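Novice: The structure under discussion is supplied below as structure tokens; questions concerning it will follow.
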Amino acid sequence: MTAAETTPPLVFPEGFRWGAATAAHQIEGNNINNDWWPREHAPGTSIAEPSGDACDSYHRYGEDITLLAELGLDTYRFSIEWSRIEPEEGFVSRAEIAHYRRMVEACQAAGLTPMVSLMHFTVPRWFADDGGWRSAKAVDRFRRFTELALPIVADGVPWVCTINEPNIAAMIAGGEDPANLVAYGLPAPDLAVADTLLACHRASREVLAEHTSVASGWTVATQAFQPEPGCEDVAREYGHQRDDWYLEAVRGDDWVGVQAYTRTIIGPDGPRQVPDGVETTLTGWEYYPPALEIGVRSAWELTGGVPVFVTENGIATADDTRRIDYTAGALAGLHAAMADGVDVWGYLHWSALDNYEWASGFRPTFGLIGVDRQTFERTPKPSAAWLGEVARTNTLSTPPQ
Numbered sequence: 111m112t113a114a115e116t117t118p119p120l121v122f123p124e125g126f127r128w129g130a131a132t133a134a135h136q137i138e139g140n141n142i143n144n145d146w147w148p149r150e151h152a153p154g155t156s157i158a159e160p161s162g163d164a165c166d167s168y169h170r171y172g173e174d175i176t177l178l179a180e181l182g183l184d185t186y187r188f189s190i191e192w193s194r195i196e197p198e199e200g201f202v203s204r205a206e207i208a209h210y211r212r213m214v215e216a217c218q219a220a221g222l223t224p225m226v227s228l229m230h231f232t233v234p235r236w237f238a239d240d241g242g243w244r245s246a247k248a249v250d251r252f253r254r255f256t257e258l259a260l261p262i263v264a265d266g267v268p269w270v271c272t273i274n275e276p277n278i279a280a281m282i283a284g285g286e287d288p289a290n291l292v293a294y295g296l297p298a299p300d301l302a303v304a305d306t307l308l309a310c311h312r313a314s315r316e317v318l319a320e321h322t323s324v325a326s327g328w329t330v331a332t333q334a335f336q337p338e339p340g341c342e343d344v345a346r347e348y349g350h351q352r353d354d355w356y357l358e359a360v361r362g363d364d365w366v367g368v369q370a371y372t373r374t375i376i377g378p379d380g381p382r383q384v385p386d387g388v389e390t391t392l393t394g395w396e397y398y399p400p401a402l403e404i405g406v407r408s409a410w411e412l413t414g415g416v417p418v419f420v421t422e423n424g425i426a427t428a429d430d431t432r433r434i435d436y437t438a439g440a441l442a443g444l445h446a447a448m449a450d451g452v453d454v455w456g457y458l459h460w461s462a463l464d465n466y467e468w469a470s471g472f473r474p475t476f477g478l479i480g481v482d483r484q485t486f487e488r489t490p491k492p493s494a495a496w497l498g499e500v501a502r503t504n505t506l507s508t509p510p511q
């Protein structure tokens, strides 16, 4: 017998959730009324290509939901597009609210539990053009948007994410070139925008608590800042405004989402580039499965024990065997954190589909399911079947050695 064959399986707690995640702009297609559409089409843009039809999931969401359920997953995180629901300030599309409600009902019919994100980076053009998160009206506008979303989430949606990755959103909202956000050495977020995002989050939670029984939180892109010897103070200062503050700020929330992909090594002058010879993904990030365990432990500590939901984790790769290996390593680390008492509610893989990855275009493939760029045909990958089996058994059978 090999060592792997004698390794006991890692069993996750009963009721642990398994699923996958997407975002509206990255899969729906033709979201022409949001602030990213003009960025994609601006002359001289640094964005690799426009989103166009994306994955046409606006029309094909039923197929996507059915596939995820058939694979054995039980949870689907998707976002609603504010610019569809309120394409002009004060004009509300009842048809779009009904569309997203049908997505919730499609999940329920397929046996998937939906998690809904209210804001996954994109905002309506009118909102951006009138100051966006810098406007004195931002909090009231986001509160009103949450009220508009109540018919979508009030029944059958146990978890709502108010704002996706506010730490990254603060960088984008501060005017940072989106292409820089895929590189090592993240720019500092606009601190005033960060404060506004937190106020929006709290206002949204108030609305949800008053009118629904959903558990609400926001998700943070945890980046596993690791100091070189003697650089602990540099790492602490660098990481606090890009990561830790967003976790400390939500003590007392119902849950917090962790979105982990890689690590960032901090030297005396800040983040280091990935060394030559280290395996990297299609985004140029270091292949580093332990990032998830580090992010989960950090979230648990910095929030003072707020329950954790892994709302994104995965890699961009054309080699699906590396996706399986990466995910197995990440899940082994996650299990170790849970064994030490971290309360984790579930694991949602990024992404359900090979989708539009913002400034990088369609080249970085994160999906469990491939999408033909011409026909939109969906093809589940071996990693999808593998994760589905983990979900069905609630067990990671052979963690990497």
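Under our numbering, the first residue of the sequence shown carries the number 111, and numbering increases by one thereafter.
Ideal placement from N, C-alpha and C gives every residue a C-beta, glycine not left out.
All values derive from a computational prediction rather than experimental measurement.
(1) With respect to the beta strand (DSSP E) encompassing Arg254, which residues constitute its N-terminal and C-terminal limits?
(2) When DSSP builds the beta bridges, which residues end up paired with Ile273?
(3) Below 7 angstroms CB to CB, which residues in the same chain sit around Ser507 once its five sequence neighbours on both sides are set aside?
(4) With a cut-off of 8 angstroms, do at least 3 Cβ pairs link the region 343 to 358 to the region 395 to 402?
(5) Based on the DSSP secondary-structure assignment, which residues constitute the bridge partners of Glu342?
(6) Can you give me the C-alpha to C-alpha distance between Pro339 and Arg315, rounded to a whole angstrom?
(7) With respect to the beta strand (DSSP E) encompassing Ala130, which residues constitute its N-terminal and C-terminal limits?
(8) Taking the straight line between their C-alpha atoms, what separation do you get for Asn274 and Thr117?
(9) Just tell me which of Val454, Val406, Gly414 and Thr391 has its CA closest to the CA of Pro474.
(10) Can you check whether the CB of His459 is closer than 9 angstroms to the CB of Asn504?
(11) Please specify which runs of the beta strand (DSSP E), each continuous and at least 3 residues long, are wholly inside the region 342 to 414, giving them in chain order.
(12) Ends of the beta strand (DSSP E) at Trp455?
(13) Can you give me the Cβ contacts of Ser493 inside the same chain, cut-off strictly under 8 angstroms, excluding the 5 residues immediately before and after it?
(14) Go to Gln336, then tell me how far its beta strand (DSSP E) extends in each direction, as first and last residue.
(15) With a threshold of 6 angstroms on Cβ separation, who are the neighbours of Asp364 within its own chain once the five nearest residues in sequence on each side are excluded?
(16) Determine whether the beta carbon atoms of Glu199 and Pro234 lie at a separation below 9 angstroms.
(17) Three-state secondary structure (DSSP) at Ile434?
(18) Let me confirm a value: Pro381 is counted as buried when at least 16 other C-beta atoms fall within 10 Å, else exposed. Which label applies?
(19) Below 6 angstroms CB to CB, which residues in the same chain sit around Asp166 once its five sequence neighbours on both sides are set aside?
(20) For the alpha helix (DSSP H) that contains Tyr466, what are its first and last residues?
(21) How many Å lie between Gly182 and Val406 at the Cα?
(22) Glu198 by DSSP, collapsed to three states: which one?
(23) State the DSSP-derived secondary structure class of Gly480, mapped to helix, strand or coil.
(24) Cα separation between Ala293 and Gln383?
(25) Expressed to the nearest angstrom, what Euclidean distance is found between the alpha-carbon atoms of Glu409 and Gly387?
(26) Report the rounded CA-to-CA distance for Thr489 versus Gly480, giving the unit in angstroms.
(27) On the three-pair Cβ rule with 8 angstroms, is the region 333 to 347 touching the region 302 to 322?
(28) Does Glu206 come out as helix, strand or coil in the three-state DSSP assignment?
(29) Using DSSP bridges, identify the partner residues of Thr505.
(30) Is it buried or exposed for Ser156, if we count other Cβ within 10 angstroms and need 16 for buried?
(31) Quick one: what's Arg187 bridged to in DSSP?
(32) Considering only residues of the same chain and omitting the five flanking positions on each side of Ala280, which have a CB-CB separation below 7 angstroms?
(33) For the alpha helix (DSSP H) that contains Gly327, what are its first and last residues?
(34) Give the straight-line distance between the Cα atoms of Tyr171 and Leu296, rounded to the nearest whole angstrom.
(35) Whose C-beta lies closer than 7 angstroms to the C-beta of Thr185 among residues of the same chain, with five residues either side of it excluded?
(36) Between Asp343, Val452 and Ala401, which has its C-alpha nearest Asp379's C-alpha?
Specialist: A quick look at the data gives this:
(1) In the sequence shown, the residue the question calls residue 254 occupies position 144. Where Arg254 is concerned, there is no enclosing beta strand (DSSP E), although the alpha helix (DSSP H) it sits in stretches over Ala248 to Val263.
(2) Residue numbering aside, residue 273 sits at position 163 when the sequence shown is read from its first letter. Ile273 pairs with Met229.
(3) Numbered from its first residue, the sequence shown carries residue 507 at position 397. Correct list, in chain order: Pro119.
(4) no
(5) Taking the first residue of the sequence shown as 1, we reach residue 342 at position 232. Paired residues: none, contrary to the question.
(6) To locate residue 339, count along the sequence shown from 1; it is residue 229. To locate residue 315, count along the sequence shown from 1; it is residue 205. Answer to the nearest angstrom: the Cα atoms are 41 angstroms apart.
(7) Within the sequence shown, numbered from 1, the residue matching residue 130 stands at position 20. Note, Ala130: beta strand (DSSP E), Arg127 to Ala131.
(8) Stepping through the sequence shown from its first residue, residue 274 is reached at position 164. Stepping through the sequence shown from its first residue, residue 117 is reached at position 7. Spanning the two alpha carbons is a distance of roughly 37 angstroms.
(9) One-based indexing of the sequence shown puts residue 474 at position 364. The residue with the shortest Cα to Cα distance from Pro474 is Thr391.
(10) If you number the sequence shown from 1, residue 504 lands on position 394. If you number the sequence shown from 1, residue 459 lands on position 349. Contact flag unset, no.
(11) 366 to 370 and 374 to 377
(12) Counting from one through the sequence shown, the residue named residue 455 turns up at place 345. Run containing Trp455: Val454 to Trp460, per the beta strand (DSSP E) assignment.
(13) On the sequence shown, position 383 is the one that residue 493 refers to. These residues qualify, in order along the chain: Asp430, Arg433, Ile434, Thr437 and Leu478.
(14) Taking the first residue of the sequence shown as 1, we reach residue 336 at position 226. Its beta strand (DSSP E) spans residues Phe335 to Pro337.
(15) Translated into positions along the sequence shown, residue 364 becomes position 254. Closer than 6 angstroms at the Cβ level, and outside the excluded window around Asp364, lie Ala325, Ser326 and Gly327.
(16) For the purposes of this step, residue 199 is taken as residue 89 along the sequence shown, with counting starting at 1. For the purposes of this step, residue 234 is taken as residue 124 along the sequence shown, with counting starting at 1. Yes, the pair counts as a contact, with Cβ atoms nearer than the cut-off.
(17) Within the sequence shown, residue 434 is the residue found at index 324, counting from 1. Note: Ile434 maps to helix in three-state DSSP.
(18) Here residue 381 corresponds to residue number 271 of the sequence shown, with the count starting at 1. Looking at its Cβ environment, which holds 16 or more other Cβ atoms inside 10 Å, Pro381 is buried.
(19) Counted from its first residue, the sequence shown places residue 166 at position 56. Result list for Asp166: Gly139 and Phe486, in chain order.
(20) One-based indexing of the sequence shown puts residue 466 at position 356. Careful: Tyr466 lies outside any alpha helix (DSSP H) and carries neither H nor E.
(21) Position 72 of the sequence shown holds residue 182. Position 296 of the sequence shown holds residue 406. Computed Cα separation, rounded: 24 angstroms.
(22) Position 88 of the sequence shown, counted from the start, is the residue given in the question as residue 198. Of the three classes helix, strand and coil, the one that applies to Glu198 here is strand, per DSSP.
(23) As a working note, residue 480 is residue 370 in the sequence shown. Note: Gly480 maps to strand in three-state DSSP.
(24) The residue given as residue 293 occupies position 183 in the sequence shown. The residue given as residue 383 occupies position 273 in the sequence shown. Note on Ala293: pLDDT 48, under 50, position unreliable in the model; the coordinate value appears next. Approximately 9 angstroms, taken between the alpha carbons.
(25) Stepping through the sequence shown from its first residue, residue 409 is reached at position 299. Stepping through the sequence shown from its first residue, residue 387 is reached at position 277. Note that residue 409 corresponds to Ala in the displayed sequence, not to Glu. If you take the alpha carbons of Ala409 and Gly387, they lie about 31 angstroms apart.
(26) The sequence position of residue 489 within the sequence shown is 379, counting from 1. The sequence position of residue 480 within the sequence shown is 370, counting from 1. Taking the straight line joining both Cα atoms gives about 5 angstroms.
(27) no
(28) The residue given as residue 206 occupies position 96 in the sequence shown. In the structure shown, Glu206 sits in a helix (DSSP, three-state: H, G or I).
(29) To locate residue 505, count along the sequence shown from 1; it is residue 395. Bridge partners of Thr505: Val121.
(30) Taking the first residue of the sequence shown as position 1, residue 156 is located at position 46. Exposed, since its Cβ has fewer than 16 Cβ neighbours within 10 Å.
(31) Within the sequence shown, numbered from 1, the residue matching residue 187 stands at position 77. DSSP, once it has assigned bridges, lists Ala131 and Met225 as partnering Arg187.
(32) To locate residue 280, count along the sequence shown from 1; it is residue 170. Taken in chain order, the residues that qualify are Pro299, Asp300, Val303, Ala304 and Leu307.
(33) Within the sequence shown, the letter at position 217 stands for residue 327. Taken as a continuous stretch (DSSP letters only), Gly327 belongs to no alpha helix (DSSP H), being part of the beta strand (DSSP E) at Ala325 to Thr332.
(34) Here the question's residue 171 lines up with position 61 in the sequence shown. Here the question's residue 296 lines up with position 186 in the sequence shown. Whole-angstrom Cα-Cα distance: 33 angstroms.
(35) As a working note, residue 185 is residue 75 in the sequence shown. Taken in chain order, the residues that qualify are Arg127, Trp128, Gly129, Leu222, Thr223, Met225, Gly456 and Leu458.
(36) Position 269 of the sequence shown, counting from 1, holds the residue named residue 379. When only C-alpha atoms are compared, the closest one is Asp343.
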